[in-house]
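Reading through the structure tokens given below for one structure.
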Amino acid sequence: MNGPTSRLSAGMIFLMLLLLLFLLFALDLLSGSTHLEMRDVLASLFGSGTEHGEIIVMQFRLPKALTAVIAGAAMAVSGLLMQTLFRNPLAGPDVLGVSSGAGLGVALTLLTLTPLLSIRSGSPLYGWSMILAAWAGAGVVMTVIMTVAARMRDIMSVLIIGLLLAGAISSIVSLLQYFSNETMLKTYVIWTMGNLGNMSYMQIKILALAVAAGSAIALLMVKPLNALLMGEIFSKTVGVNLKRTRLILLATASILAGSVTAFCGPIAFLGVAVPHIARLIFSSNDHRILMPASAICGAVILLVSDLISTLPGSGQIVPVNTVTSLIGIPVVLWIIAGRKGIGRRF
Amino acid sequence: MRFSFILLAAILALYSCNSSDNSGKISADAQRAVKTKATRFSLEEKDDITRLVINDPWQNASGEQLVFYLVPHGEVIPAKISPENVIRVPVSRMICMSTTHLAALSALGATDVIAGASGTNLVYDASLRKSIEEGIIPDVGYEGSLDRELIVALRPDLLMAYGVSASSSEQMRKMSDMGVKVIFNADYLEEHPLARCEWIKIFGLLTGKKEKADSLYSAVTENYLRLAEMVRDSSESRPAVLLGAPWEDVWYISPSNSYIGSLISDAGGQYLFDDLTAPNSLPFAVEAVFRRATRADVWINPGTAGSLDEIAEYDHRMTKLAVYKSGSVWNNRNRMTPAGGNDYWETAVVRPDLLLSDLISILHPRLLPDHELWYFMKLK
């Protein structure tokens, strides 16, 4: 159960997953809240569609599908890094306060700064101020945790401090909400529900760059990650610089999750659950497999969630976060029940 | 309710087959009779005592009924009436939880009864703002964060609340345990602007200005119906109207049977979602709304946008809409305070005729050539 499965079958699984990803991506372009014929969608993609068909495909569906792939992959890899770093199956970007830090940034901006500087929703500053605030919030929390991590020898203390910090941040956000008016409250609540649409290609580029950078660092950390699974003492004996590894992993996980949260709002559940799904599918603990596997599974799941959230054909939508949680939680429950616990993999 | 509308529509459709030349008029007349009356309250006067019944006072309430007896000061309360349901009129100290309540009292010249209000920073009326700044009208806080001690200390005869949901209403109801009488105002749930305006009758009864309230209501109603009839009798085509603005992935769509839906229809507009009937707004995917919006002629109330650029900054895809390119975009931000108080959310409730004039002037400028926009402005 612990060793990696044979290379051949892992390769086959990867091939199938990539195929699934491609199919879902295509399906996400083909189906939406309004009906478009397949040939109209194809024509629009190659620049020869009707004017409105082209806007719907190129400005609504394509950016959303791209965002789903990037955000899903980033959240999953971030979660994987956190779980291995803390050797805890429940760790994830939300547990360490990265998501709530981003939320605090947004809440502060939305509820105090924008009214103070009278930046109105829709003004050029508004969209970017939310994104920068989320980034800054995630960054501040990450810095605090890294400072603690640099001083603590025991990684479990860092996890607990992260949890406490997340709790304190939620209280501050509640306090801000308590003193804010209904419009701002609604804005914030809708932000917390997650959002994949309404991103310009410019924003998608920036998100993609941040995620690519984070993923590249994560790939370079595959060896120390595998060593960490064998325990910290073992890691030291094979020459892993524990302190440095920790800091790099924390920073990488925060860049990934913080960027996604900044642009899309807190995407629930993916970070914690997807690495488990990847472990289950590949029966492996090898990060050379788990890293790309988590990324692809994350993208697949967010695409599926997006497909469901548009309630195809009805015109109405539900928040994507509710879908990721509702389809994801049963999956995790099933894994835990089927494996009689997942703790011993760490 | 819905079934009866379908039935009505079916009958009207049959009828209109026989008299196709004036079918529009007949269906509108018949529907107006059903829709313009307030449905959420009823009054029953007997001797000097008025029985006020408020039906389904908050969203998604069904079968909920609140009964009050308005008894003049000094009058003996009949034995069969429980004293806790009695409100002595005229009241001299009232706390208002909504700016629309302030507007009703202001229209009646009864602002001296306002003992406190909620959301005072968003009040538009200049004389009320003065009272607020001078501390004559203190702020009692918001629904979730009511200053209960202040409310009790203000010793109000009445607290005029509005309930968004049963649970939030429960908080208000707790105020009555502290000896504060609470009435739920459900005007915002009325589907027709005239029905919403009709609630001024309750304010009239409460403040001893019944005649004034009744005459105000009938003048406004007469004016409104006259304007609506003028539009119906004209040969103007009905421009397609897009309403609201997207918020991230979501575009909340008011159904055709809503306050604003009724206004657009009465002003001679063709609401893009006139096939949608629902008890409240529904979340639509922006893509779906965009598809319909491509055939809009006029765009009204695009969120909080104060200019065309703001709409573009918020969602650049909207710039592709013909209605955006034509610049026929209007928002209700003509009368605002720097703090964000908007008269549209205040006096428009008691002046639906003025609101309708604005919309007619936007949709059919030829019909009201001399009208100057009051609540609305064209975005640049």
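In the order they appear, the protein sequences are chains A and B. According to this note's numbering, the residues represented by the first sequence are 1225 to 1570, in order. According to this note's numbering, the residues represented by the second sequence are 125 to 504, in order. Even glycine gets a Cβ: it sits at the ideal position worked out from N, Cα and C.
What are the partner residues of residue i, as DSSP defines its beta bridges?
i	result
A/Gln1540	B/Phe408
B/Pro196	B/Val213
A/Thr1274	A/Thr1274 is not bridged to any residue.
A/Phe1246	Per DSSP, none; premise fails for A/Phe1246.
B/Ile377	B/Leu406
B/Lys170	B/Ile173
Between residue i and chain B, is there a C-beta pair that is closer than 7 angstroms?
i	result
A/Gly1303	no
A/His1276	yes
A/Gly1386	no
A/Gln1307	no
A/Phe1249	no
A/Ile1294	no
A/Thr1546	no
A/Ser1395	no
A/Phe1284	yes
A/Ser1616	Nothing in the structure corresponds to residue 1616 of chain A, since chain A is present only between 1225 and 1570.
A/Tyr1412	no
A/Ile1491	no
Taking all protein chains shown into account, decide if residue i is buried (16 or more other Cβ within 10 angstroms of its Cβ) or exposed.
i	result
B/Lys510	In the structure displayed, chain B extends from 125 to 504; residue 510 of chain B sits before or after that span and is not available.
A/Gly1346	Because the pLDDT at A/Gly1346 is just 49, under 50, the model does not fix this residue reliably, and the value given afterwards should be weighed accordingly. Buried.
A/Met1454	exposed
B/His197	exposed
B/Asp399	exposed
A/Met1262	exposed
B/Val219	Residue 219 of chain B is actually Ile in this sequence, not Val. Burial call: buried.
B/Tyr286	buried
B/Leu487	buried
A/Met1426	exposed
B/Thr443	exposed
A/Gln1307	buried
B/Glu375	Residue identity check: residue 375 of chain B is Trp in the sequence provided, not Glu. It counts as buried.
A/Gly1271	exposed
A/Ser1538	exposed
A/Val1402	At residue 1402 of chain A the sequence reads Tyr, which differs from the Val that was named. So A/Tyr1402 ends up on the exposed side.
B/Pro207	exposed
B/Trp182	buried
Suppose you measure from the CA of residue i to the CA of residue j; what does that come to, to the nearest Å?
i	j	result
B/Thr224	A/Val1397	30 angstroms
A/Pro1287	A/Ala1442	25 angstroms
B/Trp423	B/Asp477	20 angstroms
A/Ile1501	A/Ser1518	8 angstroms
B/Pro493	B/Ser485	7 angstroms
A/Ser1381	B/Gln295	41 angstroms
B/Ala234	B/Ala463	25 angstroms
B/Tyr248	A/Gly1316	48 angstroms
A/Ser1529	A/Ala1360	28 angstroms
B/Gly451	A/Ile1280	22 angstroms
A/Met1240	A/Leu1248	12 angstroms
A/Ala1295	A/Gly1325	18 angstroms
B/Asp390	B/Leu226	26 angstroms
B/Ala446	B/Ser481	25 angstroms
B/Pro214	A/Tyr1412	42 angstroms
A/Ala1392	A/Leu1328	10 angstroms
A/Thr1534	B/Thr345	42 angstroms
A/Met1299	A/Leu1526	10 angstroms
A/Ile1355	B/Ala364	36 angstroms
B/Ala417	B/Ile201	58 angstroms
If you measure from the beta carbon of residue i to each beta carbon in chain A, is any gap under 7 angstroms?
i	result
B/Ala409	yes
B/Glu372	yes
B/Asp398	no
B/Arg441	yes
B/Ala412	yes
B/Ala269	Strictly speaking, residue 269 of chain B in this sequence is Ser, with Ala absent from that position. For B/Ser269, the answer is yes, since a Cβ of chain A falls inside 7 angstroms of its Cβ.
B/Lys444	yes
B/Leu132	Per-residue confidence for B/Leu132 stands at a pLDDT of 39, beneath the threshold of 50, marking its modelled position as unreliable; the derived number appears in the next sentence. False, the Cβ-Cβ gap to chain A never drops below 7 angstroms.
- [ ] Would you mind listing the beta strand (DSSP E) stretches within the region 283 to 336 of chain B that are 3+ residues and don't spill past its ends, in chain order?
- [x] 306 to 308
Task: Complete runs of the beta strand (DSSP E) confined to the region 197 to 267 of chain B [at least 3 residues] - done: 210 to 213, 218 to 220 and 238 to 241
TODO: Go through the region 1253 to 1298 of chain A residue by residue and report every complete run of the alpha helix (DSSP H) that reaches 4 residues or more, in order.
DONE: 1262 to 1269 and 1275 to 1279
Open item on the list: Going residue by residue through the region 453 to 504 of chain B, where are the continuous beta strand (DSSP E) segments of at least 3 residues, counting only ones entirely within it?
Closed with: 453 to 455
Open item on the list: I'd like the ranges of any alpha helix (DSSP H) spanning at least 4 consecutive residues and lying wholly in the region 1466 to 1550 of chain A.
Closed with: 1466 to 1488, 1494 to 1506 and 1511 to 1533
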